[in-house]
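Undergrad: Before we start, here is the structure in question, set down as structure tokens.
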Amino acid sequence: MIELKGIAWDHPRGYEPLIATSKAFQDNNPNVNITWKVRSLKEFGDTPIEDLIENFDVITIDHPYMGQAHKNGLLLPLEDYLKTEELNALKQQALGKCFDIYNYEKHVYATPIDAAALVASYRKDIIVSLGLDLPKNQEELKAFYNKLPLGFSIAWALCPTDIWCTFLTLCAQYFGSGFIQNNEINSKVGINALDELKFHVELSHPQSLNWNPIQILDNMGEENSIVYSPYLFGYTNYSRKDYTKKLVNFTNSPTGKQKNIATIMGGVGLAVSALTKHPEIASKYVNYVASAEVQEGVFTENGGQPASKNAWESKVNNVLCNDFFKDTKWTIENAYIRPQHPGWNAFQEQGADIIHEGILKDTSSEIIMNRLNDCYKSV
């Protein structure tokens, strides 16, 4: 019996589809047993891969880790274990750049299993009853606050991890993808994004600076006060019947000056530890989970948010998730991709705290930007 250990992240979207695909994989490979442990969403984004590769064969991973993984030889280059035609099939059927983001220096370090970007969530039932149109751009978003009757609010996901993602999104929407050059964020662009965040913090739900997307979506699904959130990572779970008391719908976030840039790309890749004792079967499994048939079927059916184009275009899946995929597909296809060079993750974690603390204390945007770029140069 071959024993594989995997590490997922602690949300039904993170672990239930992997448990389900493991069982299906084991049906065809009875000599394999796959067990899963979970880590928090913050740990998923922040925990170094170095801390995982000795204990786990299969690792869910965030794409900005690719440079660090390559530099330190932490993950298995999958092109050594999967056939060229298998990798080509994954690339061809991946949504947007979901396959490309796990490539670094001509090596494939993970297969795309989960697609995500910042999108907008809303309570369609309340929005319709109020006769409101959702904001399509940032100017309409600023005016939207004044259209809400007393007792209703807009919430932002602005805990440290998420304020960082929103900051980068606003930078990209204002300037384009080239606002980071030579380990430095364009100060003018960054100051503009920070000023925008301060404007919205003043008008949004008072818990916004404490909340992550899950906390907001839980609230929207159970209560009736928050009717809209413009930038948070989408979760198909909340658009499925009976996941929460009330259905939460999703759509594209408001756009900025750069009409061809949506929001920041998130998502999950499935990687194999460089220290695994079973590289062939582990590679076979990560390819299996990312395959079009599995993504469209068992993965999505069990709470997953697939990365396969077929799965997103499936009529069955859109009915299951009340058009989550159809209504946010443009966002994934036009998402901004974060840097992946070594050191980026250390900067990302520290930069999130710098921005969060600066906004919390109402520090001048110029000072926050100076601190950010000083930090970037030091990693």
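Using numbering that gives the first Met the number 0, read the sequence shown as starting at 0 and increasing by one per residue.
Built from N, CA and C at the ideal position, the CB exists for glycine as well.
Keep in mind that this is a model prediction, so the values were computed, not measured.
1) Per DSSP, residue 120 forms a beta bridge with which residues?
2) Check residue 161 in the structure and name its three-state DSSP category.
3) Give me the DSSP bridge partner(s) of residue 36.
4) Around the Cβ of residue 2, are there at least 16 other Cβ atoms within 10 angstroms (buried) or fewer (exposed)?
5) So within the stretch 160 to 227, which uninterrupted alpha helix (DSSP H) runs reach at least 4 residues, ignoring any that extend past its ends?
6) Could you work out which residue in 238, 61 and 242 is closest to residue 250 when comparing CA atoms only?
7) Leaving aside the five residues before and after residue 169 along the sequence, list all residues of the same chain whose C-beta is less than 6 Å from its C-beta, in chain order.
8) What is the DSSP secondary structure of residue 79, reduced to helix, strand or coil?
9) Output needed for residue 265: all residues of its chain with C-beta closer than 7 Å, excluding positions within five of it in sequence on either side, in chain order.
10) Can you look up residue 52 in the DSSP assignment and give me helix, strand or coil?
11) Go ahead and label residue 198 buried or exposed: buried means 16 or more other beta carbons lie within 10 angstroms of its beta carbon, across all protein chains shown.
12) Excluding sequence positions up to five away, which residues of its chain have a Cβ less than 7 Å from the Cβ of residue 281?
13) Check residue 144 in the structure and name its three-state DSSP category.
14) Residue 377 by DSSP, collapsed to three states: which one?
15) Identify every residue that forms a DSSP beta bridge with residue 111.
16) For residue 268, count the other beta carbons within 10 Å of its own beta carbon; 16 or more makes it buried, fewer makes it exposed. Which is it?
17) If you run the structure through DSSP and keep just helix, strand and coil, what is residue 88?
18) Pairing CB atoms from the stretch 328 to 342 with CB atoms from the stretch 356 to 374, are three or more of them under 8 Å?
TA: In short:
1) 228 and 249
2) helix
3) 6
4) exposed
5) 186 to 202 and 212 to 221
6) 238
7) 192 and 195
8) helix
9) 115, 116 and 232
10) coil
11) exposed
12) 3, 56, 57, 271 and 275
13) helix
14) helix
15) 268
16) buried
17) helix
18) no
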